[in-house]
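Below is one structure, written out as structure tokens; the observations come after it.
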Amino acid sequence: MSLPAYNFAYLDEQTKCMIRRAILKGIAIPGYQVPFASREMPMPYGWGTGGVQVTAAILGPDDVLKVIDQGADDTTNAVSIRAFFAKTANVATTTKTAEATIIQTRHRIPEERLQAHQTIVFQVPIPEPLRFLEPRETETRVMHGLEEYGLVHVKLYEDIAQHGHIATTYAYPVKVEGRYVMDPSPIPKFDNPKLDRSPALQLFGAGREKRIYALPPFTQVTSLDFEDHPFTVQTFSRPCALCNATGVYMDEVVTDDRGGRMFVCSDTDHCETRQADGHTGPGLPQLGEHASSEQETTR
Amino acid sequence: MSLTTVDGGFAEPVFGSQRAFRALMDAFARPGSVADLSDLAVPPAPMSPAAGAILLSLADADTPVFFETDMLDAKAWVGFHTGATATTDAPSARFVHLADNSDCTGWSRFAVGTAEYPDRSATLLLPVADLRGGQHLTLSGPGIETTTDIGPQGLPACFADFMAANRAGFPLGFDLVLVSGDEALALPRTTRIQEA
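From first to last, the protein sequence lines are chains S and Y. The first sequence begins at 1 in full-length UniProt numbering and counts up by one. The second sequence begins at 1 in full-length UniProt numbering and counts up by one.
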């Protein structure tokens, strides 16, 4: 009998134990970044090593795993991570949001509302919302401790002073249960409202920065704003070119070298499900339909 | 070393600790819900199987465990299976196994974290007679859609007051898990507890 090449889900048991303790403290202190002893993973930093470690620590043999990258199930990052867990943990994988028990995501939340039995794991590059305002970790720790978040509002105000509106469109800072300011990972601000009082458990893992944080279900998550500049999400003037969906987040796809482009759902599962249900969009743009012909509202 | 020290660990350590952790993670994420930890660990009396499964899944050489009562067999069992030290220094304990009918005034000895690192706090395991059919308590807070009711039996008299003080200190505080037989119910520091 040959020994298995890896432990179940790749990580050794002591590492999982340490990550599990960090996850529980993260759930107990919503929005607070728990330091953990992040490991080297067999993929580069920036490819979701934090998310992968969180998923590895919670994954069991009965789980059904879905991995998305910017909403898509079929991009390199998503395919690689799904294959990684199919190989090291032999778990079932799916692209259907409704069938998954664990969804690991890079920078999107599925359009379909998550359910109570699901856990979503976010890959986070920079977990500290104050990092670009204060580079010293010792200082940002104190700022979180003292609930001193004035700088974040100054940053948003500077957006207004320069651009006339809050120009932050992704990784838009949120306040959790009126206490911790948290980076929701680089999801478009379009997805911020989905964080609020979600029935699913939301876990965040930052591998290079060695931090884990969490939002328990039904946690109040408020996007920071001003009374005279309230938080708004992106809107799109056209429906999805493939499934005609409205009120979803879209990707712009360039279709030729003459300015032709189309807008399609960023969530591929949502789009495919709608197409299977018989919805069809306008399809490819006609030749000569130029980018300048319609101004997209993306702010 | 006696047989009681060695027997009763997870039959399959990898999947046993995963199942115990997931049950506890769900319990922490949804305070008031009851985690089923049956058929996992069989610790020596008086430690409950639920407390045994939690410690086996989460304790290791990095996490000193404090035992409020002298449960020598259980102490040796936890040490053998996890490598965790049984500490007598309460503030350094990461996990605490409280006594039945523990006196809350002693709980202020345990770590509640610091303003910079509130995660450096203890997780307390409180054995109770039953998780149902007792004193009626209403819970609210993160993880709970509106409110949820629990009725644990055999809580110390000072419980509600002490937990309210623990909640008031947020983000500092300890996290508490009620254990009874095969079941556990988590009360993280965010949960508001009201006596009905």
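Positions of the beta carbon are idealized from the N, C-alpha and C atoms, including for glycine. Note that the coordinates shown come from a computational prediction; the quantities given were computed from them, not determined experimentally.
Q) DSSP on S:E296, reduced to helix/strand/coil? A) Here residue 296 of chain S corresponds to residue number 296 of the first sequence, with the count starting at 1. Model confidence at S:E296 stands at a pLDDT of 46, short of 50, so the residue's coordinates are unreliable and nothing is read from them.
(Q) Against chain B, with Cβ distances strictly below 9 Å, would S:M18 count as a contact? (A) Among the protein chains in the structure shown, which are S and Y, there is no chain B.
Q. How would you label Y:L187, buried or exposed, when you count the other beta carbons within 10 angstroms and need 16 or more for buried?
A. Numbered from 1 along the second sequence, position 187 holds the residue referred to as residue 187 of chain Y. Classification of Y:L187: buried, given that the 10 Å Cβ count is 16 or more.
Q | C-alpha gap between S:G178 and Y:G143, whole angstroms | A | Here the question's residue 178 of chain S lines up with position 178 in the first sequence. Here the question's residue 143 of chain Y lines up with position 143 in the second sequence. S:G178 and Y:G143: Cα-Cα distance of roughly 15 Å.
Q.
Please state whether the Cβ-Cβ distance between S:Y249 and S:R108 is less than 9 Å.
A. On the first sequence, position 249 is the one that residue 249 of chain S refers to. On the first sequence, position 108 is the one that residue 108 of chain S refers to. Yes, they are a contact pair.
Q: For my contact list, S:V105 and S:F122 are in at a C-beta cut-off of 8 Å; report their separation, rounded to the angstrom.
A: Residue 105 of chain S sits at position 105 when you count from the first residue of the first sequence. Residue 122 of chain S sits at position 122 when you count from the first residue of the first sequence. Before going on, a small fix: residue 105 of chain S reads as Thr here, not Val. Confirmed, about 6 Å.
Q. So, Y:A184 versus Y:A74, is the Cβ gap smaller than 9 Å?
A. Counting from 1 along the second sequence, the entry for residue 184 of chain Y is found at position 184. Counting from 1 along the second sequence, the entry for residue 74 of chain Y is found at position 74. Result no, Cβ atoms of Y:A184 and Y:A74 do not sit closer than 9 Å.
**Q.** Reference S:K96, options S:Q53, S:A83, S:V54 and S:D73, closest by Cα
**A.** Translated into the one-based positions of the first sequence, residue 96 of chain S becomes position 96. Of the listed residues, the one whose Cα sits closest to S:K96 is S:D73.
Q) Who does S:P35 pair with in a DSSP beta bridge? A) On the first sequence, position 35 is the one that residue 35 of chain S refers to. S:P35 pairs with S:R211.
Q | Close Cβ partners of S:G260 (< 6 Å) along its chain, the five nearest in sequence each way excluded | A | On the first sequence, position 260 is the one that residue 260 of chain S refers to. For S:G260, the CB contacts under 6 Å within the same chain, skipping 5 residues up- and downstream, are P285 in chain order.
Q: Report the residue ranges of all beta strand (DSSP E) runs contained in full by the segment 11-64 of chain Y; include only those spanning at least 3 residues, in chain order.
A: Secondary structure in the segment 11-64 of chain Y: the beta strand (DSSP E) runs of 3 residues or longer, each lying completely within the stretch, are 34-36 in chain order.
Q) Does DSSP put S:G150 in a helix, a strand or coil? A) In the first sequence, counting from the first residue as 1, residue 150 of chain S sits at position 150. In the structure shown, the three-state DSSP call for S:G150 is helix.
(Q) Can you give me the C-alpha to C-alpha distance between Y:L172 and Y:D60, rounded to a whole angstrom? (A) On the second sequence, residue 172 of chain Y is found 172 positions in, with the first residue counted as 1. On the second sequence, residue 60 of chain Y is found 60 positions in, with the first residue counted as 1. The alpha-carbon atoms of Y:L172 and Y:D60 are separated by roughly 23 Å.
(Q) As an exercise, report each continuous alpha helix (DSSP H) stretch of at least 4 residues that is fully enclosed by the segment 13-99 of chain S, in chain order. (A) Listed in chain order, they are 13-28, 49-58 and 76-88.
Q: Identify whether S:H229 lies in helix, strand or coil by the three-state DSSP scheme.
A: One-based indexing of the first sequence puts residue 229 of chain S at position 229. In the three-state scheme derived from DSSP, where H, G and I count as helix and E and B as strand, S:H229 is classed as strand.
Q. Would the segment 262-281 of chain S and the segment 234-241 of chain S be scored as touching if the rule is three or more Cβ pairs under 8 Å?
A. Yes, they touch.
Q. Applying a beta-carbon distance threshold of less than 8 Å, which residues of chain S neighbour Y:F15?
A. Position 15 of the second sequence, counting from 1, holds the residue named residue 15 of chain Y. Simply F8, G60 and P61.
Q) In the DSSP assignment, what residue or residues form a beta bridge with Y:S140? A) Here residue 140 of chain Y is taken as the residue at index 140 of the second sequence, counted from 1. Beta-bridge partners of Y:S140 (DSSP): Y:R192.
Q. Cβ of S:Q14 less than 9 Å from any chain Y Cβ?
A. Residue numbering aside, residue 14 of chain S sits at position 14 when the first sequence is read from its first letter. Taking Cβ atoms only, chain Y reaches closer than 9 Å to S:Q14, which makes this a yes.
Q. Under 8 Å Cβ-Cβ, which residues of chain Y neighbour S:T219?
A. Taking the first sequence and counting its residues from 1, the one referred to as residue 219 of chain S is at position 219. P142 and G143, listed in chain order.
(Q) With DSSP as the reference, identify every bridge partner of S:G205, one or two as the case may be. (A) Reading the first sequence from its first residue, position 205 is the one you call residue 205 of chain S. According to DSSP, S:G205 bridges with S:Q123 and S:I212.
Q. Using 8 Å as the threshold, is the segment 19-31 of chain S in touch with the segment 126-136 of chain Y, meaning 3 or more CB pairs across them?
A. In short, these stretches do not touch, since the Cβ pair count stays below three.
Q.
Contact defined as beta carbons within less than 8 Å: I believe Y:T148 pairs with Y:G32. What is the distance between those atoms, to the nearest angstrom?
A. Here residue 148 of chain Y is taken as the residue at index 148 of the second sequence, counted from 1. Here residue 32 of chain Y is taken as the residue at index 32 of the second sequence, counted from 1. Contact check for Y:T148 and Y:G32: beta-carbon distance about 4 Å, within the 8 Å limit, so the pair qualifies.
Q: Can you tell me the Cβ-Cβ gap for Y:T138 and Y:A196, rounded? I've got them flagged as a contact below 8 Å.
A: Within the second sequence, residue 138 of chain Y is the residue found at index 138, counting from 1. Within the second sequence, residue 196 of chain Y is the residue found at index 196, counting from 1. Between Y:A196 and Y:T138 the Cβ distance is about 6 Å, and since that is below 8 Å, they are a contact.
Q: Would you identify the three-state DSSP class for Y:D73, choosing helix, strand or coil?
A: Here residue 73 of chain Y refers to the residue found at position 73 of the second sequence. DSSP, read as helix, strand or coil, puts Y:D73 in helix.
Q. Since S:E209 meets chain Y, which of its residues come closer than 7 Å, beta carbon to beta carbon?
A. Counted from its first residue, the first sequence places residue 209 of chain S at position 209. Contact note: S:E209 does not reach chain Y at a C-beta cutoff of 7 Å; the least C-beta distance is about 15 Å.
Q: Using a Cβ-Cβ cut-off of less than 7 Å, give me the residues of the segment 79-96 of chain Y that come near chain S, in sequence order.
A: Within the segment 79-96 of chain Y, no residue has a Cβ that lies closer than 7 Å to any Cβ of chain S.
Q: For the beta strand (DSSP E) containing Y:A186, list its first residue and its last residue.
A: Position 186 of the second sequence, counted from the start, is the residue given in the question as residue 186 of chain Y. For Y:A186, the enclosing beta strand (DSSP E) starts and ends at E183 to L187.
Q: Take Y:T114 as the anchor and find which of S:A92, S:P186 and S:L146 has the nearest alpha-carbon.
A: Looking up residue 114 of chain Y in the second sequence gives position 114. Shortest Cα-Cα distance from Y:T114 to any of S:A92, S:P186 and S:L146 involves S:L146.
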